[in-house]
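There are 2 protein chains.
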Amino acid sequence: NSKKGPQNNKGSEHGKGKSGKFTLKTPKGTRDYGPVEMAVRRQVFDIIYNVFHMHGAVEIETPVFELKEVLTGKYGEDAKLIYDLEDQGGEILSLRYDLTVPFARYVAMNKISNIKRYHVARVYRRDNPAMTRGRYREFYQCDFDIAGQYDAMIPDAECVQLVHQVLLKLNLGDFIIKVNHRKILDGVFGACGVPVEKFRPICSAVDKLDKSPWEDVRKEMVDEKGLDGNVADVIGEYVKLSGKEELLEKLKNDARLKDSTDAQAGLSDLTLLYQYCKSLSCDNHLVFDMGLARGLDYYTGVIYEAVLMAGQTAKEGPVGSVAGGGRYDGLVGMFDPKKKTVPCVGVSFGIERLFAIHEQKQRADNDKLRSTQTEVFVAAACKGMIHERLKILGLLHEAGIKAESSYKNNPKILNQLQYSEDNAIPLVVLIGESEVQEGIVKLRDTATRAEVAIKREELVTVVKQRLANK
Amino acid sequence: NSKKGPQNNKGSEHGKGKSGKFTLKTPKGTRDYGPVEMAVRRQVFDIIYNVFHMHGAVEIETPVFELKEVLTGKYGEDAKLIYDLEDQGGEILSLRYDLTVPFARYVAMNKISNIKRYHVARVYRRDNPAMTRGRYREFYQCDFDIAGQYDAMIPDAECVQLVHQVLLKLNLGDFIIKVNHRKILDGVFGACGVPVEKFRPICSAVDKLDKSPWEDVRKEMVDEKGLDGNVADVIGEYVKLSGKEELLEKLKNDARLKDSTDAQAGLSDLTLLYQYCKSLSCDNHLVFDMGLARGLDYYTGVIYEAVLMAGQTAKEGPVGSVAGGGRYDGLVGMFDPKKKTVPCVGVSFGIERLFAIHEQKQRADNDKLRSTQTEVFVAAACKGMIHERLKILGLLHEAGIKAESSYKNNPKILNQLQYSEDNAIPLVVLIGESEVQEGIVKLRDTATRAEVAIKREELVTVVKQRLANK
């Protein structure tokens, strides 16, 4: 079988002809995942699922679409990117934009007071796709969240620990986990003289610091958002700061922040977070970065973002964030008729980016990425062996051994051996008329091409031994 | 943590109030999957995936929506059930209705000449949902298909073998795999005097035989589809027949079918299928059922359907089909500009029904269905132990042991032990001030409540031993 991956679909290859002929493509901003991409995806998911299970998380799944009003008023100006379904009579529906809002809807609807859940699924954004840079309109999110009224920073520290564990296990090189706190940002804004109604817009501007230089961010603050230039300059002093616990201590005594209740609350939260992370042995990649703001409006406390250091060459630019999240204590309350809320903290992995990096790494390590798990290929050395091959297949499957054979009545021997080599199938069982008569089979090692004759009744045992030693 | 499952959402519980208030529900015909449902789902998927891998299948994924024209002309009168997306400027899109048409589009678009793939994903049908009977508008399909030009019946027999293996491994009791052939049906229709243009409508009528008595089906043929009553009566003789190979032999010599090229081709295909299934040791549940027709128009050869026998009481009625499929040699060609086709055969598992039956069985076997995999709960016997608990968590996680602890600074000991029992967590590590001072921990077996003191540095080894023996 030649298992070709999907072609890159750039939308223009198969345009609609003049004759109004059929357009053979996937929708704009979407792609098929071929066998190799799926194999990579499964490896990454298995690692992440294992960490989620390590933390006792349960899994949930919600519908791909929600009532449109569930999504309304949650995403600010990004709401224009939501996909709506056609009104075909009945309810007005939209495709989910993320997994956080459906989670909050789930918690409120089922009156759940506490849950630690993960949810891995695709979300939909009618954004301008930049598919060459791995940005699609349909993409996976991989979320872990803890909902419940608990003591300060314990669940927050678990989220940091979880990101730490996932990135270590994926083994993608060095990384940092940036951490900040919305109350520190608000405290800084307040102490610098930003009017309260401008806190969120100015916060959005700060969020762009990881992609744009300070000059551009300052320009947005002053020109677009009407902030006083001097105030912007003072903010600039703070958001450039980054460090560890000593920076927290320094800021606690900062002249401007000393009297800010918000800033002091945020600073002592982060101090506690550091202590817990030390006990959990996950503090060594933690960096307090005052320029971290996170885009979404709904965060209310700790925010964090993990960044890979590898691949950050001057040419390619930074790999960017591979995970991010924070505390959002108000979102569930937006769905409760009595505004009763459930505090939440969570993290979302940028899983498409992790797939791409993992695949790159795999290809560098070993150019043969297998998309199947087949252990044995059953081959015939001569014609008329189809029933004998099927009997051996049945025997191997019965024993739990992954085995394939050709779909042809009389396949050529060279093609069968070539197929086994091309697909990295470790063992080949070879039969011919004489083998069938004598009740034996030949077992061939694909890598060394060495063959041995064994009794048919010993086949399963020998194959299992060989596979165990691979 | 109280991990409540989702409430059944019947659409009327949280109606839109007079004040136009927020509607807290999932869209009509959809549901959330809670932790227990997801745990059951994973068990079933793992079993099925294992069988797919046994056969060397690769996995693919396609977008949740397709260009509307990809779906057009594939589903006959069911096309009215397709969900369309709103025209927000750009392409006209629809949610996928099944996984077969996207697969054919994928094969044609990537000019693949052969592939054996599986695809597990949700599909969307604006049907009248009967949620109490497990019928939803959003539901999983689990498809395995073989595309490629191969020798007769070898891939078809593999599909039968795969269904056989999945149902054996799921261990849901006795089952039969009904098999028939579109050419036999066409041969019968032709020999009985059905006009060619009525072959497909009459075939659709026969398809209803598993739910309706022959009288109703005959009525549909005669009254709705304008078939001569005498012709219908002769068809009735044939579609009531079922048996094994001896029926195939009998029909080969049937006076009416003797001269039907179609019928004879279908009968010799099924004879060969029986022989291959014998070699694969999967013929013992195979039943040749002439009343099996399958709804979809695109089938061209062998068709099959698996039915569970268990639970078929007079009161509950039959469980019905849990898997079905067949050969469709023309579908890929519908997407190729030059009509070049790739023959296909495949099977789709009725996975939602399998979830439901598996869950029922699990509950009957053992009333405690776990939704987490946690192995150890780290508990404190006194106040002020939070950092000590986190250190032990870090230690256990480092060793790959799944461990949780409370999010409270000073949780009550009884609550911690109760949580461990409620969630069937097998082991509890208990620490108090004296344990910390002496460098020991207490290890408690949740089931027996027996406690032993062990040295802290031996904790990981002992826990691993205990878990291995569970």
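Going down the list, the protein sequences come from chains A and B. For what it's worth, our numbering labels the leading residue of the first sequence as 1, then goes sequentially. For what it's worth, our numbering labels the leading residue of the second sequence as 1001, then goes sequentially. Using N, Cα and C, we set each Cβ at its ideal position, and we do this for glycine too.
Under the DSSP definition of a beta bridge, E1352/B lacks any partner. For A1255/B, there is no enclosing alpha helix (DSSP H), as DSSP marks it with neither H nor E. By a beta-carbon distance limit of 8 Å, Q161/A contacts C282/A. Their separation comes to about 4 Å. Contact residues of the stretch 82 to 100 of chain A toward chain B are Y83, D84, L85, E86, Q88, G90, E91 and L93 (C-beta to C-beta distance below 7 Å). The secondary-structure analysis by DSSP pairs Q264/A with nothing; it has no beta-bridge partner.
Shown here, D336/A sits in coil according to DSSP, grouped into three states, outside any helix or strand. In this structure, the straight-line span from the alpha carbon of R1135/B to that of G1034/B is close to 17 Å. Under the three-state reduction of DSSP output, D1259/B falls in the coil class, being neither helix nor strand.
Fully enclosed alpha helix (DSSP H) runs of no fewer than 4 residues occupy 1068 to 1071 and 1100 to 1109 of the stretch 1061 to 1130 of chain B, in order along the chain. For the pair T374/A and N415/A, the Cα-to-Cα distance works out to about 17 Å. In terms of CA proximity to V1239/B, V1217/B leads the group V1217/B, E1249/B and E1305/B. S406/A is not a Cβ neighbour of V1058/B, given a cutoff of 8 Å. Inclusion of K1198/B and K1225/B in the CB contact set at 8 Å is warranted, their separation being smaller than that value.
Around the C-beta of T1261/B, fewer than 16 other C-beta atoms lie within 10 Å, and the residue is accordingly described as exposed.
Check the Cα spacing between E1249/B and each of T1271/B, S1242/B, L1172/B and C1192/B: the tightest is with T1271/B. In terms of beta-carbon proximity, H1053/B lines the interface with chain A, with at least one pair separated by less than 8 Å. P63/A sits buried, since 16 or more C-beta atoms from the chains shown fall within 10 Å of its C-beta. Pairing V163/A with I351/A gives a Cβ-Cβ distance that is not under 8 Å. In the DSSP annotation of this structure, the continuous segment of the beta strand (DSSP E) that includes Q141/A starts and ends at E138 to A147.
Close CB contacts of S1242/B within its chain, under the 8 Å cut and outside five residues either way in sequence, are with K1178, V1287, F1288, D1289, M1290 and G1291 (chain order). For V1231/B, the secondary structure class from DSSP, reduced to helix, strand or coil, is helix. Of G1394/B, G1029/B and L1267/B, the smallest CA-CA separation from Y1083/B is found for G1029/B. Residues I1047 and V1051 of the same chain have their beta carbon placed closer than 7 Å to that of K1169/B, with the five preceding and five following residues left out of the count.
For E359/A, the CB contacts under 7 Å within the same chain, skipping 5 residues up- and downstream, are V40 in chain order.
By a beta-carbon distance limit of 8 Å, V441/A contacts L459/A. Their separation comes to about 6 Å. With the rule of 3 Cβ pairs closer than 8 Å, the stretch 1417 to 1431 of chain B does not count as touching the stretch 61 to 79 of chain A. Between the stretch 1293 to 1302 of chain B and the stretch 1318 to 1335 of chain B there are three or more C-beta pairs closer than 8 Å, enough to call the two in contact. Between R96/A and Y124/A, the CB-CB gap stays under 8 Å. Beyond the five residues adjoining it in sequence on each side, A191/A comes within less than 6 Å, by CB distance, of R256, L257 and S260 in the same chain, given in chain order.
Secondary structure within the stretch 423 to 459 of chain A: the alpha helix (DSSP H) runs of 4 or more consecutive residues, fully enclosed, are 433 to 438 (chain order). Taking 9 Å as the Cβ-Cβ cut-off, the stretch 1378 to 1409 of chain B approaches chain A at I1386, H1387, E1388, R1389, L1390, K1391, L1393, G1394, L1395, L1396, H1397, E1398, G1400, I1401, K1402, A1403, E1404, S1405, S1406, Y1407, K1408 and N1409, given in chain order. C142/A and P102/A have their C-alpha atoms spaced approximately 13 Å apart.
In the structure shown, Y407/A adopts coil according to DSSP, grouped into three states. Here the alpha carbons of S212/A and E220/A stand approximately 11 Å from one another. CA-CA distance, H181/A to T341/A, rounds to 20 Å. Comparing alpha carbon positions, the residue from A152/A, D186/A and G384/A closest to D269/A is A152/A.
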